[in-house]
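Chains as they are written, first to last, in the numbering used here: chain A, 3 to 283; chain B, 106 to 529; chain C, 10 to 327. Cβ coordinates follow ideal geometry from the N, Cα and C atoms, glycine included.
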Amino acid sequence: MSALARRGRLVRLPQYGALALYMVFLAFPLLWMLSTSLKSTSELVSVTPSLLPSSPKWSNYSTVLREQGLAHSAWNSLRVSLASTVLVIVVGLPAAYALARFRSRLRSAALGWILVSQVFPLILVVIPLFLILKQVHLFNTLPGLVAVYLVWSLPFALWMLQGYVAAVPVDLEEAAAIDGAGRLRTLSNVVLPLLLPGVVATAMFTFISAWNEFFFALVLIQSPERSTLSLTLARFLGAEGQVQLGPLAAGSLLATVPSLVFFAFLQRRLTSGLLAGAVKG
Amino acid sequence: MRTRRFAAAAALAVTAATLAACGSSDSGSTGGTITLKFQSLAFQQPTVAASKKIVADWNAAHPKIQVQYIQGSWDSVHDQLVTQFQGGSAPDIIHDESADIAGFAKQGFLADLAPQISGEVKSSIPDGVWQTVSADGKIYGGPTLLQSYVVFVNTDLLKQAGVTMPTGSTLSWDSFQAMAKSLTTPKHYGVGWGLKSPTASVLSMGLNFDGKFFYTEGDKTTVKVDAAEQEVPRRIHDMIYTDKSIDPTSVSQSGGDVLPGFYAGKYAMTVQGSYAAQQIVADAKPSFHWAVLPILAGTSAHQAADPQTLSVSAQSKHVAEAGQFVNYFLAADNLAAVAQGDWLIPTSAAAQSAVAKQTGGKDGWTATLATGSQLTEAPFQQVADYPKWKDQIATPALQQYFANKIDLATLSSKLSDGWTQVGG
Amino acid sequence: MSSLAEVVDPAPASAPPSRRARGRRGARPARGGREAWLLVLPALLPILLFSVIPLLRGLTLAFTDSRAGFHVPTHFVGVHNFSRLLDNTLFWSSFKIGLIWAFSVTALQFALGLGLALLLNQPLRLRWLARTLSLVPWAMPPVIVAIMWRIMLDPTVGPISTTLQRLGLTDSPTNWLGDFATALPAVIVVGVWAGMPQTTITLLAGLQSVPDSLHEAAALDGAGAWQRFRYVTWPALRPVVAAITSLDFIWNFNSFGLVYVLTAGGPGGKTMLPMLFAYNEAFRYGEFGYAAAMGDVMVVLIVALLLFYLRSRLRAAA
Numbered sequence: 003m004s005a006l007a008r009r010g011r012l013v014r015l016p017q018y019g020a021l022a023l024y025m026v027f028l029a030f031p032l033l034w035m036l037s038t039s040l041k042s043t044s045e046l047v048s049v050t051p052s053l054l055p056s057s058p059k060w061s062n063y064s065t066v067l068r069e070q071g072l073a074h075s076a077w078n079s080l081r082v083s084l085a086s087t088v089l090v091i092v093v094g095l096p097a098a099y100a101l102a103r104f105r106s107r108l109r110s111a112a113l114g115w116i117l118v119s120q121v122f123p124l125i126l127v128v129i130p131l132f133l134i135l136k137q138v139h140l141f142n143t144l145p146g147l148v149a150v151y152l153v154w155s156l157p158f159a160l161w162m163l164q165g166y167v168a169a170v171p172v173d174l175e176e177a178a179a180i181d182g183a184g185r186l187r188t189l190s191n192v193v194l195p196l197l198l199p200g201v202v203a204t205a206m207f208t209f210i211s212a213w214n215e216f217f218f219a220l221v222l223i224q225s226p227e228r229s230t231l232s233l234t235l236a237r238f239l240g241a242e243g244q245v246q247l248g249p250l251a252a253g254s255l256l257a258t259v260p261s262l263v264f265f266a267f268l269q270r271r272l273t274s275g276l277l278a279g280a281v282k283g
Numbered sequence: 106m107r108t109r110r111f112a113a114a115a116a117l118a119v120t121a122a123t124l125a126a127c128g129s130s131d132s133g134s135t136g137g138t139i140t141l142k143f144q145s146l147a148f149q150q151p152t153v154a155a156s157k158k159i160v161a162d163w164n165a166a167h168p169k170i171q172v173q174y175i176q177g178s179w180d181s182v183h184d185q186l187v188t189q190f191q192g193g194s195a196p197d198i199i200h201d202e203s204a205d206i207a208g209f210a211k212q213g214f215l216a217d218l219a220p221q222i223s224g225e226v227k228s229s230i231p232d233g234v235w236q237t238v239s240a241d242g243k244i245y246g247g248p249t250l251l252q253s254y255v256v257f258v259n260t261d262l263l264k265q266a267g268v269t270m271p272t273g274s275t276l277s278w279d280s281f282q283a284m285a286k287s288l289t290t291p292k293h294y295g296v297g298w299g300l301k302s303p304t305a306s307v308l309s310m311g312l313n314f315d316g317k318f319f320y321t322e323g324d325k326t327t328v329k330v331d332a333a334e335q336e337v338p339r340r341i342h343d344m345i346y347t348d349k350s351i352d353p354t355s356v357s358q359s360g361g362d363v364l365p366g367f368y369a370g371k372y373a374m375t376v377q378g379s380y381a382a383q384q385i386v387a388d389a390k391p392s393f394h395w396a397v398l399p400i401l402a403g404t405s406a407h408q409a410a411d412p413q414t415l416s417v418s419a420q421s422k423h424v425a426e427a428g429q430f431v432n433y434f435l436a437a438d439n440l441a442a443v444a445q446g447d448w449l450i451p452t453s454a455a456a457q458s459a460v461a462k463q464t465g466g467k468d469g470w471t472a473t474l475a476t477g478s479q480l481t482e483a484p485f486q487q488v489a490d491y492p493k494w495k496d497q498i499a500t501p502a503l504q505q506y507f508a509n510k511i512d513l514a515t516l517s518s519k520l521s522d523g524w525t526q527v528g529g
Numbered sequence: 010m011s012s013l014a015e016v017v018d019p020a021p022a023s024a025p026p027s028r029r030a031r032g033r034r035g036a037r038p039a040r041g042g043r044e045a046w047l048l049v050l051p052a053l054l055p056i057l058l059f060s061v062i063p064l065l066r067g068l069t070l071a072f073t074d075s076r077a078g079f080h081v082p083t084h085f086v087g088v089h090n091f092s093r094l095l096d097n098t099l100f101w102s103s104f105k106i107g108l109i110w111a112f113s114v115t116a117l118q119f120a121l122g123l124g125l126a127l128l129l130n131q132p133l134r135l136r137w138l139a140r141t142l143s144l145v146p147w148a149m150p151p152v153i154v155a156i157m158w159r160i161m162l163d164p165t166v167g168p169i170s171t172t173l174q175r176l177g178l179t180d181s182p183t184n185w186l187g188d189f190a191t192a193l194p195a196v197i198v199v200g201v202w203a204g205m206p207q208t209t210i211t212l213l214a215g216l217q218s219v220p221d222s223l224h225e226a227a228a229l230d231g232a233g234a235w236q237r238f239r240y241v242t243w244p245a246l247r248p249v250v251a252a253i254t255s256l257d258f259i260w261n262f263n264s265f266g267l268v269y270v271l272t273a274g275g276p277g278g279k280t281m282l283p284m285l286f287a288y289n290e291a292f293r294y295g296e297f298g299y300a301a302a303m304g305d306v307m308v309v310l311i312v313a314l315l316l317f318y319l320r321s322r323l324r325a326a327a
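Below, the structure written as structure tokens:
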């Protein structure tokens, strides 16, 4: 047994203890919300709450989906997130390739813009965006929101993608070229498959940021039928906190499901170099 | 490779289709039928149902003018309206309250409803209430529902403490404070009062002592906080810190959040907007006995009339038709239905008697309706910069005062100096 | 990235030496300049239209009296908004709160994230479960995180208050989000909770890039856990730490949704982050020009704080 492993045994118990504490901190609120989503109103106003609901009220879920238009908002969020993700990849991948492969002033400018755009408080952009979108008749429309998400997801997506492209050795392309393959075929047969994991990861992150996004939606979407999920849930909270907590918790949990699914899927990949872009960037 | 190209093409096709689906037609009329958007802020279930029924009845009677019910929220209505008016996407019929809507009226965003208000509706609502929604001879909102602040009491705890239920049409502040003290025991407080958003209640009940806060001379408006204005904040402060009859934790909570403690017997009384009765009826256990006390009074029992309003956007393409719907909403039976859902007082006398008849006065309705006659116009409603002063100056200052971080003199100066800072 | 490299690298022994000698990754010289432009063009257009132009417009909006209203004309007012801002004690108070918030959340995020990353790097059982759970806050939209914590922190019916009372640790429940003294700390805790995954995962990736052989070698030389961390792990981690903490700081300072739903800036402005304050100015009171001035001031000060970071990253990237 290695020297490391032998030493390691002694510290295992406190390590498990620390890990358990972390897990409670991270997971308990979610558990509590799950419990809240299954309670009836009279149970929710009790001053001696318990983790387990006395009798699970599954109808909270159907209430929130049916009556409060949450299903429609979820559908809006889904369309907007999918559209922005597809566009980000389609538009971003060639650009990322150019950034990674071609050393030029454009590259420095682009990287500079990527970093700078992270710094700017959105309040500066949102007012002119609001005016611009109004002029092109995209204000209060989902395509307008998609355009905004596209542009504001690009920096991080480009940063990640160009990191993946850079990790593919140029030799490969040159080897294929020498073997007589045309440029396009080189790219699609040789480079693209290698980029696939990175593209998938970038797509997932872009999807989740669009799904979770709130500020732009708050300002740029004004009709409830075009509301995204976060927007609808935030507006749920109503006047003076008078709100049906059970259905609200149910709706909140439902809103988390897509991201949780992605993350569970991504969990192993995440630590095996997904953030190469951030680390090497 | 072909599969990959195909996949890419498919993805693009899906995107295109999705985006096409996104762009829904927004035109307000198709082939002669006009569609109006009505954004309602009703959130209590019976009120939502009543409002939707009114819309359904209208739609059945007016096939050419269809109204679409859209759900909004009180918390965000102001920001939403700012953006919607600016972006030209405001609903045709807007539900708000008079204090909030005054600023938009001054900016020219609201249409004049005078032509569409029928004589019947006009005469059944008192002039004082019409004053709160008019300016420059124009009516910019139809006043629908009034709210008053009332005291709910747990009658079981009352009996336990041996305190008699007050009779009479009003309850003086001194008696109220005395009651609170006798109802404070080691087991429970006398009062739980959710003052997280204190400005509206303090300013409204300030009228109990004739405290106007806003004084207008000609063009200029100033804020003065003298003895009259200081009465209500001072008494509340005394109750929290001298009498110790108000639960200090409740003071930083919102009104609705205080109700669970009320049901659990943590405090014997709670001051709420009259609409809280709806929640009490729905959420408290049947074994919970409660009543509404007579309205609080100082030198008078006046409170600010801050009616909910239905206005029409000046940018709407069908102002006249939208105005007709507002007029319809103000009919006695319709107002009565919505009022009952919310435990609010309808503005028109006819609707008030309808409510009295339909509810038989139980569940605190008699006391609630009686407060209706005490509601009168308050100066703060006509002031355009009131929302900003409320958010940035009054609410933080009052919160600090009730948290005992500043004294009364500092509160007064913050309120009056803050007005000049806000640009009033 | 190591898996990718294994797939990609042709079997070293068989490749002709000359080609391998030339082997390099990354950039090519600029001969493909025009090709680069073509590839970048589809991204460039929307970026110009929806990012660069609005940014420039936003910066200049601060010099006008743009406000909400029906056909209200906009005039150039020079630095009037900025001089108004100098006297606006509420803005500077919110700026101070923003700095406190950003520093606290970033520092705590880093400390707790590093701890968790170190734990997740150990061969403990049920590691997959721990890793998935540690991603939970990231999966939740900030609005929902806020809703959830509001439920948790409710003084009357929330589990934290009632548990403290049941344990007898306190007899009058604290309104964590409503009490002047506890509001900002409570909000900071929620901010840390929400931001931990990103930091944890990035640090974990950094930790895993340190080869086991280095750890083994150090252990054989007699280094204890702490020494191994200090001399093997930490130097490898340093660039990652710089990157992620700077990014975290910017993201945290510009945070909006979480606090908007948690407290809306209250009580009494104790949790009013600068973005919230500017948002209210623009969309509650309709003062677009004034809000833009606030944005400009925020940018200048943040950029000043992070100039070091930007310069070093640009140099490394170019």
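For the pair B:Met270 and B:Val258, the Cα-to-Cα distance works out to about 9 Å. Of all C-beta pairs linking the stretch 106-125 of chain A to the stretch 158-174 of chain B, fewer than three are shorter than 8 Å, placing the two stretches out of contact. For secondary structure counted as the alpha helix (DSSP H) over 4 or more consecutive residues, the stretch 144-203 of chain C holds these complete runs in sequence order: 145-148, 151-162 and 168-175. Legend: CB atoms of the stretch 197-215 of chain B lying less than 7 Å from CB atoms of chain A are not found in any residue. Annotation: B:Gln486 is outside any beta strand (DSSP E) and is labelled neither H nor E by DSSP. C:Leu138 counts as exposed, since fewer than 16 other beta carbons sit within 10 angstroms of its beta carbon. Here A:Val201 carries a helix assignment [DSSP, helix/strand/coil]. Within the stretch 153-179 of chain B, Ile175, Gln176, Gly177, Ser178 and Trp179 place their CB atoms closer than 8 Å to a CB of chain A, listed in sequence order.
With contacts defined as CB atoms closer than 7 Å, B:Leu516 and B:Ala502 qualify as a contacting pair. The beta carbons of A:Ala85 and C:Val145 sit about 26 Å from each other, so the pair does not count as a contact at 8 Å.
Proximity to C:Leu65 across A:Leu131, A:Thr87 and A:Ala236 peaks at A:Leu131, based on C-alpha coordinates. Look at B:Thr289: its C-beta is not under 7 Å from any C-beta on chain C. Not one beta carbon of chain A lies nearer than 7 Å to the beta carbon of C:Ala245.
Within the same chain, and ignoring the five residues on either side of B:His394 in sequence, the residues whose Cβ sits closer than 8 Å to its Cβ are Asn259, Thr260 and Asp261. Within its own chain, the residues whose Cβ lies closer than 8 Å to the Cβ of C:Val270, once the five positions on either side in sequence are excluded, are Pro151, Val152, Ala155, Ile156 and Arg159, listed in chain order. As computed with DSSP, B:Asp447 is found in no beta bridge at all. Beta-bridge partners assigned by DSSP to A:Glu176: none are found. Relative to B:Ile244, the option among B:Trp448, B:Asp232 and B:Leu251 whose CA is nearest is B:Asp232.
C:Phe258 is outside the set of residues whose beta carbon lies under 7 Å from a beta carbon in chain B. When C-beta distances to chain C are compared with 7 Å, the residues of the stretch 499-513 of chain B below that value are Pro501, Gln504, Gln505, Ala508 and Lys510, in chain order. When the alpha-carbon of A:Ser155 is set against those of A:Thr230, A:His74 and A:Val82, the nearest one is in A:Val82. Taking 8 Å as the Cβ-Cβ cut-off, the stretch 52-72 of chain A approaches chain C at Leu53, given in chain order. Taking a C-beta cut-off of 9 Å against chain B, the contacting residues of the stretch 121-139 of chain A are Phe132, Leu133, Leu135 and Lys136, listed in chain order.
Annotation for B:Ala396: the continuous beta strand (DSSP E) segment containing it runs Trp395 to Val397. Under the three-state reduction of DSSP, B:His167 is assigned to coil, being neither helix nor strand. Taking the Cα positions, C:Arg136 is about 32 Å away from A:Trp60. B:Glu322 and C:Pro164 have their C-alpha atoms some 45 Å from each other. Beta-bridge annotation (DSSP): B:Ile222 is not paired with any residue. Within chain A, Asn214, Phe216, Leu231, Ser232, Leu233, Leu235, Ala236, Ser254 and Ala257 have C-beta atoms less than 9 Å from the C-beta of C:Val152, given in sequence order. Within the model, the alpha-carbon separation for C:Tyr288 versus C:Thr83 is close to 20 Å. Taking each of A:Leu124, A:Val167 and A:Phe141 in turn and checking the Cα distance to A:Ala98, the smallest one comes out for A:Val167. Separation of the CB atoms of B:Ala409 and B:Ile400 is rounded to 13 Å, and the pair is thereby denied contact status at 8 Å. Taking C-beta atoms under 8 Å as the contact rule, B:Leu146 and B:Ser178 qualify, at a distance of about 6 Å.
Counting only unbroken stretches of 4 or more residues, the alpha helix (DSSP H) elements lying wholly within the stretch 12-94 of chain A are 43-46 and 61-68, in sequence order.
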